[in-house]
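*Asks:* In my numbering, the protein residues as written are 2 to 320.
Ideal placement from N, C-alpha and C gives every residue a C-beta, glycine not left out.
Because the structure is a prediction, the values reported are computed rather than measured.
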Ligand code: SF4
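1) State the Cα-Cα distance for the pair residue 6 and residue 122, rounded to the nearest angstrom.
2) Any chance the CB of residue 252 is under 7 Å from a heavy atom of the ligand SF4?
3) Select from 215, 210, 177 the residue whose C-alpha is nearest the C-alpha of residue 189.
4) Going by CA-CA distance only, name the one from 91, 21, 238 that's closest to residue 68.
5) Quick one: what does DSSP say residue 288 is sitting in, helix, strand or coil?
6) Classify residue 55 as helix, strand or coil using the three-state DSSP reduction.
7) Can you check which of these residues, 82, 166, 319, 126, is closest to residue 160 by C-alpha distance?
8) Can you find the residues in the same chain that come closer than 6 Å, C-beta to C-beta, to residue 227, ignoring five residues on each side of it along the sequence?
9) Between the Cα of residue 85 and the Cα atoms of 319, 313, 320, which residue gives the shortest distance?
10) Quick one: Cα of residue 77 to Cα of residue 200, how far?
11) How long is the line joining the alpha carbons of residue 59 and residue 295, rounded to whole angstroms?
12) One question on the structure: do residue 270 and residue 217 come within less than 8 Å of each other, judged by their Cβ atoms?
13) I need the DSSP call for residue 272, collapsed to helix, strand or coil.
14) Which partner residues does residue 182 have in the DSSP bridge list?
15) In whole angstroms, what is the alpha-carbon distance linking residue 309 and residue 63?
16) Could you tell me the distance, in whole angstroms, from the CA atom of residue 143 to the CA atom of residue 318?
17) Taking 7 Å as the limit, tell me which residues put their C-beta closer than that to any heavy atom of the ligand SF4, in chain order.
18) Residue 260 to residue 222, Cα distance in whole Å?
19) Starting from residue 110, trace the alpha helix (DSSP H) in both directions and tell me its first and last residue.
20) Identify whether residue 310 lies in helix, strand or coil by the three-state DSSP scheme.
21) Our contact map puts residue 106 next to residue 183 with C-beta atoms below 8 Å; I'd like the distance itself, whole angstroms only.
22) With DSSP as the reference, label residue 124 as helix, strand or coil.
23) Return helix, strand or coil for residue 171, following the three-state DSSP convention.
24) On the three-pair Cβ rule with 8 Å, is the region 240-255 touching the region 150-160?
25) Taking the continuous beta strand (DSSP E) assigned at residue 249, which residues delimit it?
26) Kindly identify the DSSP beta-bridge partner or partners of residue 211.
27) Given this structure, state the Cα-to-Cα distance separating residue 21 from residue 110, to the nearest angstrom.
28) Considering just the uninterrupted stretch of the beta strand (DSSP E) at residue 67, what are its terminal residues?
29) Which one of 185, 19, 53 has the shortest CA to CA distance from residue 37?
30) Rank 83, 202, 230, 185 by C-alpha distance to the C-alpha of residue 302 and give the top, closest one.
31) Please go through the same chain and pick out, in chain order, the residues whose beta-carbon is closer than 6 Å to the beta-carbon of residue 96, but skip the five residues on each side of it.
32) Measuring CA to CA, which of 244, 281, 251, 274 is closest to residue 263?
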């Protein structure tokens with residue numbers, strides 16, 4: 002049964018009660034909880050591992066002792082965990098938690114791009130794709146390792162999708178490689194919201210602030226940033242920089258986390274509407290229900306799973 006998205010903020014007491022239920026269920030079901038940095042803090046707090054797509058796929062690959070993995074993230078992340086840990090039961094607390102970007106690069110788009118540009122050009126897809134699309138790609142990448150994956154392919158041209166901005170980030174670092182976007186305009190609706198104007202407004206108040214941005218942001222945001230990197234990279238920069246005020250162009254969950262973990266610095270969300278509603282479909286209530294009712298299980302046809310796994314494992318080999 003699907004729990005409705007929460008309308009009211011839970012009290013601290015309710016959070017503690019549900020968190021305790023989750024801990025008990027986790028033990029009973031021998032489960033592990035993986036959560037993305039874009040989750041609400043109470044969901045991150047109950048997780049065994051928190052990370053970005055790359056970190057969490059590495060954890061999923063190496064899970065030994067647990068029987069069940071509950072993924073607090075969006076659908077493609079839970080699929081990746083299932084592909085890398087096929088013998089485990091992988092659950093997502095709300096199956097509606099999808100990533101709009103992941104649907105922008107279908108297997109048909111990959112096929113058409115191959116026909117247009119040449120069958121021998123390697124297809125590199127961001128992990129933000131469905132298992133079906135991964136299954137027709139040569140290799141996957143994450144925002145942490147995209148430039149190194151493309152570089153190590155040693156090809157003069159690559160077909161790269163779905164995120165055009167991540168493709169431009171790769172292109173900038175590898176000027177000798179032609180990075181062809183598939184589709185032409187793939188993007189993240191959340192990272193597209195950042196604007197130069199909004200960042201300049203923050204700079205008026207904090208002229209010495211550093212700007213850090215995720216490579217899913219538009220190129221003009223990447224160009225004005227002091228650092229561009231994955232959520233883990235942004236976290237590391239936030240810890241290590243001498244700057245006291247840091248303007249952050251990525252999803253709100255990471256900014257909340259940074260402010261809590263590093264209270265002596267001020268992390269400012271570059272645009273207050275940068276909230277991924279899909280990530281936020283996971284709540285501690287539906288996380289509890291997911292464990293209790295063992296719902297919603299990720300099922301992928303074996304043939305797709307095997308082909309997608311090859312593309313993901315190639316990413317680990319190339320890095
Ligand atoms: S932040 Fe963007 S890319 Fe990430 S899950 Fe949400 S919509 Fe997808």
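*Replies:* Based on what the coordinates show:
1) For residue 6, the pLDDT reaches just 49, beneath the cut-off of 50, and the residue's location in the model is therefore unreliable, although a value from the coordinates is still provided. Taken atom to atom, the span from the alpha-carbon of residue 6 to that of residue 122 is near 43 Å.
2) yes
3) 215
4) 91
5) It is helical.
6) helix
7) 126
8) 211, 212
9) 313
10) 30 Å
11) 23 Å
12) no
13) Residue 272: coil per DSSP, three-state reduction.
14) 161
15) 17 Å
16) 14 Å
17) 39, 75, 100, 101, 102, 103, 129, 189, 190, 191, 192, 217, 252, 277, 279, 280
18) 22 Å
19) 108-118
20) helix
21) 6 Å
22) If DSSP states are grouped into helix, strand and coil, residue 124 belongs with the strands.
23) helix
24) No, they do not touch.
25) 246-250
26) 247.
27) 46 Å
28) Note, residue 67: premise wrong, no beta strand (DSSP E); not H, not E.
29) It is 53.
30) 83
31) 297
32) For residue 263, the nearest C-alpha among the options comes from 244.
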